[in-house]
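At position 516 of the sequence shown the residue is numbered 516 (the numbering used here), and the sequence of numbers has no breaks.
A virtual CB, placed ideally from N, CA and C, is assigned to each residue, including glycine.
The model shown is predicted, which means the values in this text are computed figures rather than measured ones.
For reference, the structure discussed in these notes is given below.
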Amino acid sequence: MLLKMKQKIGCIVVAFLLLTGVHILAEEGEWKLLDKSWKLGLPFELPPRYSPDIHWGDVYPHHGIAINAPYYATNMRVTISGRKFSRKKWVTRDWADVVIICDMNGKVYHCLKGESTEEETYEIPGNGIRVQVFSYGNASRESLNDNYIEVKQFEYFVPNRLEIDEHFPEGFFWGAATSAFQVEGNCNGTDWWEWANGLPGRCHGDKIGDATDHYNRYEEDFDIAKEMGLNMVRISIEWGRIEPEEPKDGEEPKWNRNEIDHYRNVLKALHDRKIEPMVTLFHFSQPTWFANKGGFENDKNIKYFIEYVKKITSEFSGLITYYITINEPETLALGGWNREGGLPPGKENNNLACKVFVNCFEAHAKAYWAIHEIDPKAKVSLAKNMRVMAANNFCDRPLNPEPGKDLPVDALIMNQSVDKPTDFSKWLCDLGDKFTNQSYLDALLTGRICVFLGPGCSAERNIPELKGALDFFAVNYYTRDRIFFHLWYDTDTKFVLNMKYRPDQHEYTPMGKRWEYAPDAFYTLMMRLKKFSVDFSEKCGKELDGIIIAENGVGDVDDVKLADETMRSRFIIDHLHYLHKAIRDGADVRGYLHWSLLDNFELAEGYRAQFGLIAVDCRNDKELKRTWKDSAKLYQKIIRDNGLTNTVIPYVRK
Ligand code: BGC
1 MLLKMKQKIG CIVVAFLLLT GVHILAEEGE WKLLDKSWKL GLPFELPPRY SPDIHWGDVY
61 PHHGIAINAP YYATNMRVTI SGRKFSRKKW VTRDWADVVI ICDMNGKVYH CLKGESTEEE
121 TYEIPGNGIR VQVFSYGNAS RESLNDNYIE VKQFEYFVPN RLEIDEHFPE GFFWGAATSA
181 FQVEGNCNGT DWWEWANGLP GRCHGDKIGD ATDHYNRYEE DFDIAKEMGL NMVRISIEWG
241 RIEPEEPKDG EEPKWNRNEI DHYRNVLKAL HDRKIEPMVT LFHFSQPTWF ANKGGFENDK
301 NIKYFIEYVK KITSEFSGLI TYYITINEPE TLALGGWNRE GGLPPGKENN NLACKVFVNC
361 FEAHAKAYWA IHEIDPKAKV SLAKNMRVMA ANNFCDRPLN PEPGKDLPVD ALIMNQSVDK
421 PTDFSKWLCD LGDKFTNQSY LDALLTGRIC VFLGPGCSAE RNIPELKGAL DFFAVNYYTR
481 DRIFFHLWYD TDTKFVLNMK YRPDQHEYTP MGKRWEYAPD AFYTLMMRLK KFSVDFSEKC
541 GKELDGIIIA ENGVGDVDDV KLADETMRSR FIIDHLHYLH KAIRDGADVR GYLHWSLLDN
601 FELAEGYRAQ FGLIAVDCRN DKELKRTWKD SAKLYQKIIR DNGLTNTVIP YVRK
């Protein structure tokens, strides 16, 4: 009897556990296919070892892909449709080639050996997944030639219980950014017009032409901006239009009245729609005559820029509150004066690059005070691009584990991960950070700028008026750089920094390996600027009017036509999530401007790289039709909700 009772109770308990256990273990929710960005580089093959065309430390000796799901995903899974890694033995290891499935911290969940033609699905916790191929020891080209892996898809899990509730402060600026020569079209009389029309093959063979014809269609574009809900739009004024001729000594410059009226109408069109303009005075392109005089290479030329700045400020006072003096001095300097840059004037001289950089800051300082003299209420900043720098190691060690020792696979991964940079890599990373980021921050606090790009390539100057020359902090954020030191790697580069890009360890945007997908680094940067704001008020005796993200965005790429939109929606959601976290943790961020409103002429990439929320096929569509991308519809929803809510979830899709 007692036994029967016990059995009964046992059955009830088991049934209860099973029933509740189902609820506890299998969280309810939905598996979703990840956007198309992961297709980059897949199916990946193993390049032959020691091949002269493969750079050490670039992809060799690991291959694979690292991919993120939106930040709110709790699990990920990958489906592999076929794989073969045939080399079985290496020294003491059973298998020479394996496929590893791990998370972003290198924690291994699955280790696959041999071959399979069956479809297989592997799941791991978290919102990031890496599929990496590891090969041990030397192998001949032949033995690796027929190795392959084919990844069919990545999916991520969204639990039903999810509650996204990330609201931004009242009055937050939601906007988008553009620049004149990239959207207006027909900017003849500027260095960029000449540059793109110059040697064939530049800018991927694209000429600027009509671009999006924003010059004539700005009303239509601002209607779109309005419909999207934007309350700030960043435009730039084309100096070459305003002042097409070099001023003669002692004479009043010849201003082009029609063009001044044009920009007055543009500004009015924004105000009519209750959109606050942010106006950049110098966004890379410059009058040809100014460029021919050396542009910012020569500090004697700064005075021309200041005259133009004064003219704009006095003409448009009352129409502009937010001024950007100069956009991204570092991009201008390294893009134009470093041989890898691809921007005009296409010189190769790092010493001059340093000079241009420093002259830009002097020009900013002078412009800042000139604007304030005319319009004391103006809010002025320089748009500083800040790349977050992280020290990497070089991945050669664990490939040659000591004979006789069989290192566990996860130890191998950790040894090669970014967590173990050498001291020299850290030093180099610090050097890169000083040039790109810290030199500017220090200069604003002290009035002294020092930049160093390597032996014989440096510049320093006291610019007392630079101290405190900022009303708000405009920052452009795109990506993180992985920096490492290696003696013989890439010895032919003249740039002192070596960047190491590991697609198997970090996700990259369709723009390529120099564009890591790094929303978490956005948070790091905001925390740094939070600290800077405190230093600024202590050292300069005034408070900054917050931080405005003056650019943040991602490009899709297609060589001939409009690109499919890949990861922009996920990009926006993840970046806004980290921005929100930064605001919650005390960063005084007042606005976010997405780059860009429209697909446009993307510098050295021409029209193949497309950053717009709105698609415009500048190469093939004579009508230049404006088409809303999915991300534009998402952005509209986010703005309507003043932040992230569950309504964003359906937008991250395949
Ligand atoms: C520049 C833009 C450019 C964008 C995307 C920024 O560095 O200010 O002109 O199009 O990045 O590369």
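Apart from the 5 residues on each side of it in sequence, residue 649 sits with its Cβ closer than 7 angstroms to the Cβ of 158 in its chain, given in chain order. Taking C-beta atoms as the reference points, residue 173 and residue 590 count as a pair closer than 8 angstroms. Counted as a single uninterrupted DSSP element, the beta strand (DSSP E) harbouring residue 97 occupies residues 97-102.
Around the Cβ of residue 481, a 10 Å sphere holds 16 or more other Cβ atoms; the residue is buried. Placement of the Cβ of residue 325 at a distance of 7 angstroms or more from every heavy atom of ligand 1 is found. When rounded, the separation of the alpha-carbon atoms in residue 150 and residue 84 is 9 angstroms. The Cβ-Cβ distance between residue 619 and residue 557 does not fall below 8 angstroms. DSSP places residue 373 outside any beta strand (DSSP E); the residue lies instead in the alpha helix (DSSP H), whose first and last residues are 350-374. Boundaries of the alpha helix (DSSP H) harbouring residue 193: 191-197, taken from the DSSP string. Here residue 321 is not bridged, per DSSP, to any residue. If you look at residue 114, you'll find it isn't in any alpha helix (DSSP H); it sits in the beta strand (DSSP E) that goes 108-116. In this structure, the straight-line span from the alpha carbon of residue 170 to that of residue 292 is close to 47 angstroms.
The region 104-119 makes no contact with the region 183-194; the number of CB pairs closer than 8 angstroms stays below 3. Taking a C-beta distance under 8 angstroms as the contact criterion, residue 536 and residue 578 do not qualify as a contact pair. The C-alpha of residue 262 lies about 21 angstroms from the C-alpha of residue 374. When distances are taken from the beta-carbon of residue 182 to the heavy atoms of ligand 1, the shortest one is below 7 angstroms. With at least 16 other beta carbons inside 10 angstroms of its own, residue 384 counts as buried. In the displayed model, residue 187 falls within coil according to three-state DSSP, outside both helix and strand. Within the same chain, Cβ atoms closer than 7 angstroms to the Cβ of residue 197 are found at 207, the five residues on either side in sequence being excluded. If you look at residue 576, you'll find it in the alpha helix (DSSP H) that goes 568-584. Residue pairing from DSSP leaves residue 164 without any beta-bridge partner. Taking the Cα positions, residue 511 is about 16 angstroms away from residue 569. Proximity of the beta carbon of residue 332 to ligand 1 is not indicated: no heavy atom of the ligand is located closer than 7 angstroms. Within the same chain, and ignoring the five residues on either side of residue 477 in sequence, the residues whose Cβ sits closer than 7 angstroms to its Cβ are 386, 522, 525, 549, 552.
Its chain contains 281, 364, 367, 382 as the residues whose beta carbon lies nearer than 6 angstroms to that of residue 325, once the 5 sequence neighbours on both sides are disregarded; these appear in chain order.
Not one heavy atom of ligand 1 falls within 7 angstroms of the beta-carbon of residue 338. Annotation for residue 442: no beta strand (DSSP E) segment contains it, though the alpha helix (DSSP H) segment containing it runs 439-446.
In this chain, residue 617 is not harboured by any beta strand (DSSP E), its DSSP state being neither H nor E. Here residue 350 is buried: its Cβ has 16 or more other Cβ atoms, across all protein chains shown, within 10 Å. By the Cβ-count criterion, residue 627 is exposed, with fewer than 16 other Cβ atoms from all chains shown falling within 10 Å of its own Cβ.
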